[in-house]
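Colleague:
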Amino acid sequence: MAEVSTTQYSACEKLSSMQCGGCEKQWDISEHRPLVLPCGHCSCSSCISTQRTAGKLICRHCPHTFLEPWTPNTETPVNYFILELIQSKDDSEPSNGIIPNTNIVVPGLVKEPENHKGICVNHKLYRIFRCTVCSEDICQQCAEDSHSKEPCQVLSINQDINLNELASESKKVVSKQSVVCQKRLEQISKCKALLDSEQKLIKEQIKTIQAEINKHNQVYEAVVKEKELLELKILRNNVAALCSKSEASCSNIEAQSKNVAQYIPDDTASKYAQKVS
Numbered sequence: 109m110a111e112v113s114t115t116q117y118s119a120c121e122k123l124s125s126m127q128c129g130g131c132e133k134q135w136d137i138s139e140h141r142p143l144v145l146p147c148g149h150c151s152c153s154s155c156i157s158t159q160r161t162a163g164k165l166i167c168r169h170c171p172h173t174f175l176e177p178w179t180p181n182t183e184t185p186v187n188y189f190i191l192e193l194i195q196s197k198d199d200s201e202p203s204n205g206i207i208p209n210t211n212i213v214v215p216g217l218v219k220e221p222e223n224h225k226g227i228c229v230n231h232k233l234y235r236i237f238r239c240t241v242c243s244e245d246i247c248q249q250c251a252e253d254s255h256s257k258e259p260c261q262v263l264s265i266n267q268d269i270n271l272n273e274l275a276s277e278s279k280k281v282v283s284k285q286s287v288v289c290q291k292r293l294e295q296i297s298k299c300k301a302l303l304d305s306e307q308k309l310i311k312e313q314i315k316t317i318q319a320e321i322n323k324h325n326q327v328y329e330a331v332v333k334e335k336e337l338l339e340l341k342i343l344r345n346n347v348a349a350l351c352s353k354s355e356a357s358c359s360n361i362e363a364q365s366k367n368v369a370q371y372i373p374d375d376t377a378s379k380y381a382q383k384v385s
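Following the working numbering, the numbering of the sequence shown begins with 109 at its first residue and continues without gaps.
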C-alpha cells in the first residue's frame, strides 16, 4: 500500500463512481461493463449493443463514428482499470485517505489484457490502443488527452493486430495472384509472338498470291488483245473475199449481158433503149 494525497483519493473515488455517459447507469461487471471504444472513451456494454446501427457505432462523448469492421462480432475491449476499481470499492471502502495507488498497474489488482504493448510511462496504464497517424502505442488516458482530435485515428490493439494480420494475408494473396498473373502474361507474350509470326507469314503469302494474280491478269489482257486482233484480221479477210466475189459476179453479169446483146437486133435495142430512157 502507498499513501496518496486527498486530491488523488478524490480523483480515484470520482473515477470509481463514474456512470455510463449514455444510460447514466453505474458501471458493473454484467450488463453495464465499461467497454473501450477505438477513440478511447468508454460506454457500457448495454449502450454499445443499442448504439450499433447499420454497421456504425457512434461515441456519445466525441463526434467519432466507427464503421466496419467495428461490428457486433468484433471483440470490444473491457476497461479493466475501471472494473477493478469498482470491484475494489465493493469489497472494501478506503479509510484515513490510504488506498492502493490505482494509477499504477499492479499484477493481481488489474487484470492484464490479452493484448497490450506494455505500460504507459506517463499514466501507468496498459497501452491497449494505437494511433495509426502518429504510429504510437498508447493507453486510454493518452487516447483521451492527446489523440482524441483529428487527424489522429485511434484503434484498439486487437483491431490493429487484426488489420495487420489482414494486411499480411492480403499481401500473401496478392503475391500469389501476382505470380499467377506473371505466368499468364508470359503465356500471352508467347501466343502474341506466335500470332505475329503467323501474321507475317500470311502477309508474305498474300503478297505472293497478289503478284501471281497481277501476272495472270497481264497474260489475260494480252490474250484478249491478241484475240481481238485475230478476229479483226479474220473479218478483214472475209470482207476482202466478199468484195472479190462481188467483183467476179459483176464481171460475169457484164459478160453475160454482152453475149445477150449480140442476139438482139439493133433497131430493137434502140427502141428498148429509148423506152428505158
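All C-beta atoms, glycine included, are put in the ideal place defined by N, C-alpha and C.
Values in this document were obtained by computation on a predicted structure and should not be read as measured data.
Please name the residue or residues paired with Glu244 in a DSSP beta bridge.
Modeller: Cys239
Colleague: With burial defined as no fewer than 16 other Cβ atoms inside 10 Å of the residue's Cβ, what is the status of Tyr328: buried or exposed?
Modeller: By the neighbour-count rule (16 or more Cβ atoms within 10 Å), Tyr328 is not buried but exposed.
Colleague: Within the chosen definition, does the segment 254-262 reach the segment 232-242 through at least 3 CB pairs nearer than 8 Å?
Modeller: yes
Colleague: For Cys150, which beta-bridge partners are listed by DSSP?
Modeller: In the DSSP assignment, Cys150 is bridged to Val144.
Colleague: Val144 to Cys228, Cα distance in whole Å?
Modeller: 17 Å
Colleague: Distance, Cα to Cα, Val282 vs Lys298?
Modeller: One C-alpha to the other measures close to 24 Å.
Colleague: Please identify the residue among Phe189, Cys351, Val347 and Gln318 whose C-alpha is closest to the C-alpha of Gln249.
Modeller: Phe189
Colleague: Report the partner residues of Ile166 according to the DSSP bridge assignment.
Modeller: Thr173
Colleague: Taking the C-alpha atoms as reference points, what is the distance between Leu193 and Cys155?
Modeller: Approximately 21 Å between the Cα atoms of the pair.
Colleague: When you compare only the Cα positions, how much space is there between Gly129 and Ser151?
Modeller: Computed Cα separation, rounded: 7 Å.
Colleague: According to DSSP, is Ser365 part of a helix, a strand, or is it coil?
Modeller: helix
Colleague: If we count the other Cβ atoms within 10 Å of its Cβ and call it buried at 16 or more, is Gln370 buried or exposed?
Modeller: Per the 10 Å Cβ criterion, exposed.
Colleague: So the candidates are Cys167, His172, Pro142 and Ser157; which of them puts its Cα closest to the Cα of Pro185?
Modeller: Pro142
Colleague: Hey, quick one: how far does the beta strand (DSSP E) through Val262 stretch, first residue to last?
Modeller: Start and end: Val262 to Ser264.
Colleague: Quick check: the Cα distance between Lys323 and Lys335, rounded to an integer number of angstroms?
Modeller: Their backbone Cα atoms lie some 18 Å apart in a straight line.
Colleague: In whole angstroms, what separates the C-alpha of Leu302 from that of Asp245?
Modeller: In this model, Leu302 and Asp245 are separated by some 57 Å (Cα to Cα).
Colleague: Going by DSSP, which residues form a beta bridge with Tyr328?
Modeller: The partner list for Tyr328 (beta bridge, DSSP) is empty, contrary to what the question assumes.
Colleague: Buried or exposed: where does Gln267 fall if 16 or more other Cβ atoms within 10 Å of its Cβ makes it buried?
Modeller: buried
Colleague: What's the gap between the Cα of Pro180 and the Cα of Glu222?
Modeller: With a pLDDT of only 48 at Pro180, under 50, the local geometry of the prediction cannot be trusted, and the value read off the model is given with reservation. About 19 Å.
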